[in-house]
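Okay, so the sequence shown: first residue is 0 according to the numbering used here, each after it adds one.
Cβ atoms here follow ideal geometry from the backbone N, Cα and C, with glycine treated the same way.
To start, the structure itself, in structure tokens.
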Amino acid sequence: MSTIDYASSFHLGLLSSAVDSIERELKIRKQNRRLNILHQVMVDSTQNGIVIIDTKGIITEFNQAGEYITGFDKDMVIGSHIDILKPISSYVNKILKNGSKYKNLEVTFYSLIEGKEKTSLFDALPIYDENNSLLGAFVQFRDISDRIELEKQVTATEKLSLIGKLGAGLAHEIRNPLTSVIGFIQLLKKEVGKKHTEKHFKIILDELERIKRLVNQLMMMAKPSTNERTECNIVELTKETIYLMNSQATQHNVTVDFQTGLKENLHILIDESQIKQVLINIIKNAIEAIDNGGNINVSLAQVSHLNDYYIEIEVKDDGNGLTEEQLKKLFTPFYSSKEKGLGLGLSICKQIIESHKGKMEVSSLINEGTTFKIKLPR
Numbered sequence: 000m001s002t003i004d005y006a007s008s009f010h011l012g013l014l015s016s017a018v019d020s021i022e023r024e025l026k027i028r029k030q031n032r033r034l035n036i037l038h039q040v041m042v043d044s045t046q047n048g049i050v051i052i053d054t055k056g057i058i059t060e061f062n063q064a065g066e067y068i069t070g071f072d073k074d075m076v077i078g079s080h081i082d083i084l085k086p087i088s089s090y091v092n093k094i095l096k097n098g099s100k101y102k103n104l105e106v107t108f109y110s111l112i113e114g115k116e117k118t119s120l121f122d123a124l125p126i127y128d129e130n131n132s133l134l135g136a137f138v139q140f141r142d143i144s145d146r147i148e149l150e151k152q153v154t155a156t157e158k159l160s161l162i163g164k165l166g167a168g169l170a171h172e173i174r175n176p177l178t179s180v181i182g183f184i185q186l187l188k189k190e191v192g193k194k195h196t197e198k199h200f201k202i203i204l205d206e207l208e209r210i211k212r213l214v215n216q217l218m219m220m221a222k223p224s225t226n227e228r229t230e231c232n233i234v235e236l237t238k239e240t241i242y243l244m245n246s247q248a249t250q251h252n253v254t255v256d257f258q259t260g261l262k263e264n265l266h267i268l269i270d271e272s273q274i275k276q277v278l279i280n281i282i283k284n285a286i287e288a289i290d291n292g293g294n295i296n297v298s299l300a301q302v303s304h305l306n307d308y309y310i311e312i313e314v315k316d317d318g319n320g321l322t323e324e325q326l327k328k329l330f331t332p333f334y335s336s337k338e339k340g341l342g343l344g345l346s347i348c349k350q351i352i353e354s355h356k357g358k359m360e361v362s363s364l365i366n367e368g369t370t371f372k373i374k375l376p377r
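Encoded structure:
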């Protein structure tokens, strides 16, 4: 083969290789264009708001649904730091810092377009490459404002129905102490200065106090639930509540033990004062269920159900226990297994937990004790 023939073959090979390379490059670019178009169609056609953030917290993607839900213009948001979206910025910053994940959290945006607040369910997770290096964060939120409004209407209707059902019981519960008060006042008119006067006054005050407690609990049940929820350390809250109840437990010769399988700094989104009131009520009931000294065990754990994670608070006593009939009526308003109970405490507790999208369960055996389990979304 001559030098010219060899050179021609060499250059033809180079040319063929270059053509193949160009064809592959064009094919890859075409595929990338298709993927980009498909990606854009998927992002813009979904009714969920979508935000993609890089490792520096800069927003790189923001779709039309996101504009509608938040009221922010896409051109204003893309290229800005995630802090511009206040309701979700703290969660995204935690994702970028330590890889946290969030699912089904409620967040509220003030929509500049509609001039009102819009509630959304919010999911967020970190994005990693094939080497498990962080690329950023993915956020989606779906508008549930209509559902929330419907739930409020249903709740209002249920409350009206409940008020109707409570009417007879309420009249009975208030009439009894009032009858006692009126009767003793009439007696006092005749007995002023006599030795029984002090005893009669005590009965009057006790009955008036009972009416006051009843009215207070009814007001708590009837008032609309406030959305004053913050990230709260559930371990510390439980410890504080136990400390608060220790004095009453000691008076009844009851020991309250505490165990936790959670991290000491675990925070969940709750109304702190409401959950504290629930724990006080349940621990108080447990103390009163124990006659001659005993133990109450309070424990915290994380549990899962159908891919949803919950913090479970368990309060277990070794008291008298409840019958099956008592268990069935336990959350019924005005039902109480205690002589001086109003029968509204547990009804209100259940209402509070359900308003947190949680669950309350109870099991009991006569002479063995009762166990309450409260599950709050993680």
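Checklist entry - According to DSSP, is Thr331 helix, strand or coil? => result Taking the first residue of the sequence shown as 1, we reach residue 331 at position 332. Thr331: coil per DSSP, three-state reduction.
Checklist entry - Would the beta-carbon of Leu378 fall within 7 Å of that of Ile279? => result For residue 378 there is no data in the structure shown, the boundaries of the chain being 0 and 377.
Checklist entry - What do you reckon, are the CB atoms on Ser362 and Leu321 nearer than 7 Å? => result Counted from its first residue, the sequence shown places residue 362 at position 363. Counted from its first residue, the sequence shown places residue 321 at position 322. No, the Cβ-Cβ distance between Ser362 and Leu321 is not below 7 Å.
Next on the checklist: Counting C-beta neighbours from all protein chains within 10 Å, is the total for Glu360 16 or more, i.e. buried, or is it exposed?
Outcome noted: Within the sequence shown, numbered from 1, the residue matching residue 360 stands at position 361. When all chains shown are included, Glu360 counts as exposed.
Item to check | Inter-residue spacing [alpha-carbon to alpha-carbon] between Pro176 and Lys349 | outcome: Your numbering for residue 176 matches position 177 in the sequence shown. Your numbering for residue 349 matches position 350 in the sequence shown. Their backbone Cα atoms lie some 27 Å apart in a straight line.
Checklist entry - Is Asn103 helix, strand or coil when you go by DSSP? => result As a working note, residue 103 is residue 104 in the sequence shown. Asn103: strand per DSSP, three-state reduction.
Next on the checklist: Our contact map puts Val234 next to Leu261 with C-beta atoms below 8 Å; I'd like the distance itself, whole angstroms only.
Outcome noted: Within the sequence shown, the letter at position 235 stands for residue 234. Within the sequence shown, the letter at position 262 stands for residue 261. Yes, Val234 and Leu261 are in contact; Cβ-Cβ is about 6 Å, under 8 Å.
Next on the checklist: By the DSSP assignment, the beta strand (DSSP E) with Ser362 in it spans what residues?
Outcome noted: Numbered from 1 along the sequence shown, position 363 holds the residue referred to as residue 362. Element bounds for Ser362: Lys358 to Leu364.
Item to check | Exposure label - Val302; buried when at least 16 CB within 10 Å | outcome: Counting from one through the sequence shown, the residue named residue 302 turns up at place 303. Exposed, by the Cβ-count rule.
Next on the checklist: Check for me: the beta strand (DSSP E) holding Asp142 runs from which residue to which?
Outcome noted: Along the sequence shown, one-based indexing puts residue 142 at 143. Where Asp142 is concerned, the enclosing beta strand (DSSP E) stretches over Leu133 to Asp142.
Checklist entry - Can you tell me the Cα-Cα spacing of Thr369 and Lys315, whole angstroms? => result Position 370 of the sequence shown, counted from the first residue, corresponds to residue 369. Position 316 of the sequence shown, counted from the first residue, corresponds to residue 315. When rounded, the distance between both Cα atoms is 6 Å.
Checklist entry - Bridge partners of Cys231, per DSSP? => result As a position in the sequence shown, residue 231 is number 232, starting the count at 1. DSSP output for Cys231 lists Ile267 as bridge partner(s).
Item to check | Three-state secondary structure (DSSP) of Leu261 | outcome: In the sequence shown, residue 261 corresponds to position 262, counting from 1. Looking at Leu261 - three-state DSSP - the assignment turns out to be coil, as it is neither helix nor strand.
Checklist entry - Can you pull the DSSP bridge partners for Pro376? => result The count along the sequence shown starts at 1 and reaches residue 376 at position 377. Bridge partners of Pro376: Tyr309.
Checklist entry - If you compare alpha carbons, which of Gly357, Gln247 and Gln276 is closest to His304? => result Sequence index remark: in the sequence shown, residue 304 carries index 305 (1-based). Among Gly357, Gln247 and Gln276, the Cα nearest to that of His304 belongs to Gly357.
Checklist entry - Grouping DSSP H, G and I as helix and E and B as strand, with all else coil, what is Ile77? => result The residue given as residue 77 occupies position 78 in the sequence shown. Here Ile77 sits in coil by DSSP.
Checklist entry - What whole-angstrom Cβ distance do Gln294 and Thr249 have, given they're in contact under 8 Å? => result Here residue 294 is taken as the residue at index 295 of the sequence shown, counted from 1. Here residue 249 is taken as the residue at index 250 of the sequence shown, counted from 1. In the sequence on display, residue 294 carries Asn and not Gln. Asn294 to Thr249, Cβ: 13 Å. No contact.
Checklist entry - Which stretch, first to last residue, makes up the beta strand (DSSP E) that contains Gly293? => result Residue 293 sits at position 294 when you count from the first residue of the sequence shown. Where Gly293 is concerned, the enclosing beta strand (DSSP E) stretches over Gly293 to His304.
Next on the checklist: My assumption, with CB atoms under 8 Å, is that Val106 sits in contact with Ala123. Please give the rounded CB distance.
Outcome noted: In the sequence shown, the residue the question calls residue 106 occupies position 107. In the sequence shown, the residue the question calls residue 123 occupies position 124. About 10 Å; that fails the 8 Å criterion.
Item to check | Close beta carbons around Gln258, own chain, < 6 Å, minus the five adjacent residues each side | outcome: Within the sequence shown, residue 258 is the residue found at index 259, counting from 1. Within the same chain, Gln258 has close Cβ partners Ser298.
Checklist entry - Skipping 5 residues on each side, what residues in its chain have a beta carbon closer than 8 Å to that of His251? => result One-based indexing of the sequence shown puts residue 251 at position 252. These residues qualify, in order along the chain: Ile286, Glu287, Ile289 and Gly292.
Checklist entry - Would DSSP call Lys339 helix, strand or coil? => result Mapped onto the sequence shown, residue 339 falls at position 340. Confidence at Lys339 is low in this model, with a pLDDT of 48, below 50, so its placement is unreliable and the value that follows should be read with caution. Reduced to three states, the DSSP call for Lys339 is coil.
Checklist entry - Is the beta carbon of Leu265 within less than 6 Å of some heavy atom of the ligand NAP? => result This structure does not include the ligand NAP; it has no bound ligands of any sort.
Item to check | Beta-carbon contacts of Ile126 that lie in its chain and below 8 Å, excluding the five residues immediately before and after | outcome: Here residue 126 corresponds to residue number 127 of the sequence shown, with the count starting at 1. Counting only Cβ-Cβ distances below 8 Å, and skipping sequence neighbours, we find Ile51, Leu133, Leu134, Gly135, Ala136 and Phe137.
Checklist entry - Between Met244 and Ile269, which are expected to be in contact by the criterion C-beta below 8 Å, what is the C-beta distance as a whole number of angstroms? => result The count along the sequence shown starts at 1 and reaches residue 244 at position 245. The count along the sequence shown starts at 1 and reaches residue 269 at position 270. Contact flag wrong, Cβ pair sits at about 19 Å.
Item to check | Ser393 and Lys100 closer than 7 Å at C-beta | outcome: Beyond the ends of the chain as shown, which are 0 and 377, falls residue 393; an answer cannot be given.
Checklist entry - Do Phe330 and Leu346 come within 7 Å of each other at the CB atom, strictly closer than that value? => result On the sequence shown, position 347 is the one that residue 346 refers to. On the sequence shown, position 331 is the one that residue 330 refers to. At residue 346 the sequence reads Ser, which differs from the Leu that was named. Their beta carbons are under 7 Å apart, which means Ser346 touches Phe330 by this criterion.
Item to check | Enclosing alpha helix (DSSP H) for Thr69 [first to last residue] | outcome: To locate residue 69, count along the sequence shown from 1; it is residue 70. From DSSP, the alpha helix (DSSP H) with Thr69 extends over Gln63 to Thr69.
Checklist entry - What's the gap between the Cα of Met75 and the Cα of Tyr90? => result As a working note, residue 75 is residue 76 in the sequence shown. As a working note, residue 90 is residue 91 in the sequence shown. Straight-line Cα distance between these residues: approximately 21 Å.
Next on the checklist: Run through the DSSP bridge pairs and tell me what Ile202 is partnered with.
Outcome noted: For the purposes of this step, residue 202 is taken as residue 203 along the sequence shown, with counting starting at 1. Answer by DSSP bridge pairing: none, since Ile202 is not bridged.
Checklist entry - Would Asp205 be called buried (16 or more neighbouring beta carbons within 10 Å of its own) or exposed? => result Within the sequence shown, numbered from 1, the residue matching residue 205 stands at position 206. Exposed, because fewer than 16 other Cβ atoms sit within 10 Å of the Cβ of Asp205.
Checklist entry - What are the residues that DSSP puts in a beta bridge with Val255? => result Counted from its first residue, the sequence shown places residue 255 at position 256. Beta-bridge pairing links Val255 to Ile295.
Item to check | Gly48 beta carbon less than 7 Å from that of Phe140 | outcome: Indexing the sequence shown from 1 puts residue 140 at position 141. Indexing the sequence shown from 1 puts residue 48 at position 49. In contact: Phe140 and Gly48 (Cβ atoms closer than 7 Å).
Checklist entry - Is Ile173 near Val277, with beta carbons less than 7 Å apart? => result On the sequence shown, residue 173 is found 174 positions in, with the first residue counted as 1. On the sequence shown, residue 277 is found 278 positions in, with the first residue counted as 1. No, these two residues do not count as a Cβ contact at 7 Å.
Item to check | Residues near Ile77 by beta carbon distance below 8 Å, same chain, minus five either side | outcome: As a working note, residue 77 is residue 78 in the sequence shown. Cβ within range, chain order: Ile58, Thr59, Glu60 and Phe61.
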